[in-house]
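Chemist: According to my numbering, the residues represented by the sequence shown are 135 to 286, in order.
We put the beta carbon where it would ideally sit given N, CA and C, even for glycine.
Would you mind keeping the following structure in view while I ask a few things?
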Amino acid sequence: MERSLTLVGFEQSDTGIDDRVINGAELLLGVQFPSGYRRIALAFDGAFGDLDFPLPGTGRRAQASIGHWLSLIPWRSSSVWSWLACWGEHQLPRAVIPIAENGGGDLLCLDYRSGSEPSLCFWFHELGEDGLYPVAESFDSWLRTAIEPALS
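Here you go:
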C-alpha cells in the first residue's frame with residue numbers, strides 16, 4: 135500500500151484499502167483502472183480536500199474541482215458504488231465510472247465507452263448525459279498535466 139504519496143489539499147485516507155480492494159472493484163466493474171488512479175485510490179480512497187483544475191478548451195477560464203475521492207469500499211456512503219446504484223436514473227452509461235466528486239454533485243469519471251483505456255470526463259449533473267464533458271484522453275495524462283505539481 136502506497137502511503138508516502140502526498141496531494142496538496144488532501145489528507146491521506148484512513149480507510150486502509152489495499153490492492154485487493156482495487157482488484158475486486160476492477161473485477162466487479164469489468165475494467166482495469168489506470169496506474170495513476172490506482173496510486174490515488176491507495177493513498178486517498180474516500181479522502182476529502184480541495185483541488186481545482188482547468189477544463190480543457192476553455193482557455194483556463196473554466197475550472198472544475200475535486201472535493202473528495204469516492205471510496206472503493208461499498209458500504210461507505212460516498213462511494214463509487216453508491217453513485218453507480220443511481221446511474222440509471224441519470225441515464226448515464228455503465229461504461230462511465232465516477233471516481234471523485236466536487237461537493238456539489240458533479241463528478242470526475244473514467245470513461246470506458248471507447249475501449250479498455252479510459253478517457254477522463256467531468257459530469258455536470260444538472261445536464262444529465264449531455265453533461266459529460268471531456269477532460270483528458272487518459273487519467274494518467276491528466277494526472278501529469280493538471281495535478282502533478284500538487285502530487286509528490
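1. Does the Cβ of leucine 254 have 16 or more other Cβ atoms within 10 Å, making it buried, or fewer, making it exposed?
2. For a quick check, are the C-beta atoms of isoleucine 151 and alanine 175 less than 8 Å apart?
3. So, for methionine 135: in the same chain, excluding its five sequence neighbours on each side, which residues have a beta-carbon less than 6 Å away from its beta-carbon?
4. Hey, proline 168 and aspartate 264 are a contact pair by Cβ (cut 8 Å); roughly how many whole angstroms apart?
5. For leucine 241 and tryptophan 257, which I take to be in contact (beta-carbon distance under 8 Å), what is that distance rounded to the nearest angstrom?
6. So the alpha helix (DSSP H) leucine 161 belongs to, where does it begin and stop?
7. Start and end of the beta strand (DSSP E) containing glycine 199?
8. Would you say the region 200-211 touches the region 227-243, given that touching needs at least three Cβ pairs under 8 Å?
9. Assuming valine 269 is part of the alpha helix (DSSP H), what are its boundary residues?
Modeler: If we stick to the structure as given:
1. buried
2. With respect to alanine 175, isoleucine 151 sits close: the two C-beta atoms are nearer than 8 Å.
3. Low confidence applies to methionine 135: its pLDDT is 42, below 50, so where it sits in the model is not reliable, and the reading given next is rough at best. Here the set comprises Asp152 and Leu176.
4. With 8 Å as the limit, proline 168 and aspartate 264 do not qualify as a contact, their Cβ atoms being about 25 Å apart.
5. That belief holds up - the Cβ atoms of leucine 241 and tryptophan 257 are roughly 5 Å apart, short of 8 Å.
6. Per DSSP, leucine 161 is one residue of the alpha helix (DSSP H) stretching across 153-163.
7. According to the sequence provided, residue 199 is serine. The question's glycine does not apply to it. 197-203 is the span of the beta strand (DSSP E), which, as asked, contains serine 199.
8. The answer is yes - the region 227-243 touches the region 200-211, with three or more Cβ pairs under 8 Å.
9. First-last for valine 269: 266-270, but that is the beta strand (DSSP E), not the alpha helix (DSSP H).
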